[in-house]
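I have placed the structure first, in the form of structure tokens, so that the comments after it can refer back to it.
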Amino acid sequence: MKIDSNKSIRIISNFLTPESYNKTAFLDNHILETDENGKITEFHSAPRLFDRSGTIDLRKFIISPALIDTHAHVPQIEAIGKHEPNLLSWLNKHIYTVEQSFNDLNYAKQIADKFFTLARSAGTSTIVAYSSGDINPTHEIFKSALKHRVRIVAGNVLMDQNVPQSLIGNPMSILTGSMELCEQWNKYSNKADTEKDYNDGRNESTQKQNSIKDSYYAFTPRFAISCSEGLLQETAKLAKKYDAYIQTHLNESQLEIKDAIKNHPYAKTYTEIYQKSDLLGPKTLLAHCIHNTDEELQIIKDTESKIVHCPDSNLFLGSGRFQIEKIMDFDITIGLGSDVGAGTSLNMFRIMRSMLYMQLAHQKKVDINIPYYLATLGNAKVLGLQDMIGSIEVGKQAELLLIGIKNIDFGLKNNEASKDILSKLIFTEDYSMQLVN
Numbered sequence: 309m310k311i312d313s314n315k316s317i318r319i320i321s322n323f324l325t326p327e328s329y330n331k332t333a334f335l336d337n338h339i340l341e342t343d344e345n346g347k348i349t350e351f352h353s354a355p356r357l358f359d360r361s362g363t364i365d366l367r368k369f370i371i372s373p374a375l376i377d378t379h380a381h382v383p384q385i386e387a388i389g390k391h392e393p394n395l396l397s398w399l400n401k402h403i404y405t406v407e408q409s410f411n412d413l414n415y416a417k418q419i420a421d422k423f424f425t426l427a428r429s430a431g432t433s434t435i436v437a438y439s440s441g442d443i444n445p446t447h448e449i450f451k452s453a454l455k456h457r458v459r460i461v462a463g464n465v466l467m468d469q470n471v472p473q474s475l476i477g478n479p480m481s482i483l484t485g486s487m488e489l490c491e492q493w494n495k496y497s498n499k500a501d502t503e504k505d506y507n508d509g510r511n512e513s514t515q516k517q518n519s520i521k522d523s524y525y526a527f528t529p530r531f532a533i534s535c536s537e538g539l540l541q542e543t544a545k546l547a548k549k550y551d552a553y554i555q556t557h558l559n560e561s562q563l564e565i566k567d568a569i570k571n572h573p574y575a576k577t578y579t580e581i582y583q584k585s586d587l588l589g590p591k592t593l594l595a596h597c598i599h600n601t602d603e604e605l606q607i608i609k610d611t612e613s614k615i616v617h618c619p620d621s622n623l624f625l626g627s628g629r630f631q632i633e634k635i636m637d638f639d640i641t642i643g644l645g646s647d648v649g650a651g652t653s654l655n656m657f658r659i660m661r662s663m664l665y666m667q668l669a670h671q672k673k674v675d676i677n678i679p680y681y682l683a684t685l686g687n688a689k690v691l692g693l694q695d696m697i698g699s700i701e702v703g704k705q706a707e708l709l710l711i712g713i714k715n716i717d718f719g720l721k722n723n724e725a726s727k728d729i730l731s732k733l734i735f736t737e738d739y740s741m742q743l744v745n
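Be aware that the sequence shown starts at 309, since it is given in my numbering, and climbs by one per residue.
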């Protein structure tokens, strides 16, 4: 079904929306209205008799908030399925080569378009992504995301040691390039002074639609192994100067931890490397965090840094179990990421499945509501955008996922219905999805 999101809309349908870690609301026979900017102005149960004029009837569908992915690597979409038994050998054998290829601008444009086409088809409207180390392909990521109407948080990967020479940059030049990218794209929303350079031929109507799609820059030190202490410190200064995000990896594998501390002997733990460089804070996203000490989790909590769980990737590389119960006990904000290309799909429902399977394999039961919450409102909170996206509420953007799913018993009560729907979405693929934003 085609819905023109460039106009105010009024629909009646059945809605699935997260309320908390352990609760998902199923609201059948509800009316949702938006203004011409896509903001929800009304959301309520449909009266028995209501004005059907101008109302789009979508009651054969279920509507969810669009999904959010808080960790992925655009160049690595071509590396899906290239297996190695551990993180460091996988990086050396497959990933650095793929990222070097991404520095070819024409190739980067093709890969970025493929990546965001797949993200949209999987119902994802907001994604946090790593580029390669080069500046120009990173510009292409931002441009492609806007073209495909995907909100993007991204940055070029910062590395100045312990990676192939072709990927190593001079710290000053790569930081200067990052500043250029940040000044162009951080909190960007079709600014008049840059539109002529980055509109990719969009017409006036498309420009208006894209005006609600914004972009943000993330300073992106790959991980402590590939970054000198000086590079980490200067990155932290720039992120604070521009009020930008920081994204990096932490405690993904035991070998990684050992090498990180070897390269930064002034720190007792991997987390302390980032702490001493002043990289931690409310806008810092730490991917993985599998092998953590209590001391490290306390640092993460105290600095209000965020953790992004990437279960599909952890399974693929044999990295270990994410101790979700312990991290939740520390009251740390958690998100969920696909981590393509160690992750095998941009479909966040598949990532939810991997999360549940990983925990069940270790005799840990996780409420089925939790992964759905993490991929919606939880990820919005990771980004500090919970007042804009992540759930279906008045005042938020109507970034909606229209789902056609068979064999749903609409007579079930709220909690039973939501669990039945989530089970089908997570554990089967017998449904259709259309992103409306």
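Even glycine gets a Cβ: it sits at the ideal position worked out from N, Cα and C.
Quick caveat, the model's predicted, so the values are computed rather than measured.
- Under the three-state reduction of DSSP, aspartate 377 is assigned to strand.
- CA-to-CA, the gap between glycine 703 and cysteine 597 works out to about 34 Å.
- With a contact defined as Cβ atoms closer than 8 Å, leucine 682 and glycine 643 qualify at about 6 Å.
- Here tyrosine 329 carries a coil assignment [DSSP, helix/strand/coil].
- Runs of the alpha helix (DSSP H) lying entirely within the stretch 557-616 and spanning at least 4 residues, in chain order: 562-571, 578-584 and 602-610.
- Following the DSSP letters along the chain, one finds arginine 459 inside the beta strand (DSSP E) bounded by residues 459-463.
- Put simply, the backbone Cα of lysine 689 is about 23 Å away from that of lysine 727.
- Rounded to the nearest angstrom, the gap between the Cα atoms of isoleucine 348 and leucine 709 is 14 Å.
- Valine 744 sits in a strand when the DSSP states are folded into three classes.
- Excluding its 5 nearest sequence neighbours in each direction, valine 471 has C-beta neighbours in its own chain below 7 Å: Tyr404 and Ser534, listed in chain order.
- If you look at leucine 682, you'll find it isn't in any beta strand (DSSP E); DSSP assigns it neither H nor E.
- Under a 10 Å Cβ-count criterion, glutamine 418 is classified as exposed, with fewer than 16 other Cβ atoms of the shown protein chains found around its own Cβ.
- As the crow flies, the alpha-carbon of threonine 641 is around 8 Å from that of glycine 686.
- An exposed status is given to glutamate 603, since fewer than 16 other beta-carbon atoms sit within 10 Å of its beta-carbon.
- In the three-state reduction of the DSSP assignment, arginine 356 falls in the coil class, being assigned neither a helical nor a strand state.
- Taking 3 residues as the shortest admissible run, the stretch 417-460 contains the following complete beta strand (DSSP E) segments, listed from N- to C-terminal end: 432-438.
- Listed in chain order, the non-local C-beta contacts of lysine 714 below 8 Å within the same chain comprise Asp738 and Tyr739, local neighbours out to five positions each way being set aside.
- In the three-state DSSP reduction, leucine 324 falls in the strand class (E or B).
- Counting along the chain, proline 529 sits inside no alpha helix (DSSP H); it lies in the beta strand (DSSP E) bounded by residues 523-529.
- Three or more Cβ pairs closer than 8 Å define a contact, and the stretch 624-635 falls short of that threshold against the stretch 371-385.
- Residue nearest to asparagine 559 within the set Ser439, Ile388 and Leu605 is Leu605 (criterion: CA-CA distance).
- For the pair asparagine 677 and leucine 730, the CB atoms are nearer than the 8 Å cut-off.
- For serine 372, the three-state secondary structure derived from DSSP is strand.
- If the five residues before and after alanine 706 are omitted, its C-beta is found closer than 6 Å to the C-beta atoms of Thr342, Gly346 and Ile348, all from its own chain and listed in chain order.
- Distance check between leucine 593 and each of Tyr329, Ile435 and Leu395 places Ile435 closest, using alpha-carbon atoms only.
- In terms of CA proximity to asparagine 571, Phe531 leads the group Leu623, Phe531, His381 and Leu587.
- Within the stretch 643-680, the complete alpha helix (DSSP H) segments of 4 residues or longer fall at 656-669, listed in chain order.
- If you look at leucine 540, you'll find it in the alpha helix (DSSP H) that goes 537-550.
- Under DSSP, arginine 367 forms no beta bridge with any residue.
- Taking the CA atoms as reference points, glycine 589 sits about 9 Å from isoleucine 554.
- By the neighbour-count definition (other C-beta atoms within 10 Å, threshold 16), histidine 391 is an exposed residue.
- About 4 Å separates the beta carbons of tyrosine 524 and valine 461, which is inside the 8 Å limit, making them a contact pair.
- Annotation for isoleucine 533: no alpha helix (DSSP H) segment contains it, and DSSP assigns it neither H nor E.
- Excluding residues up to 5 positions away in sequence, Ser440, Asp442 and Pro445 lie with their Cβ nearer than 7 Å to the Cβ of asparagine 411 in the same chain.
- The way I'd put it, the stretch 358-367 does touch the stretch 312-326; three or more beta-carbon pairs between them come closer than 8 Å.
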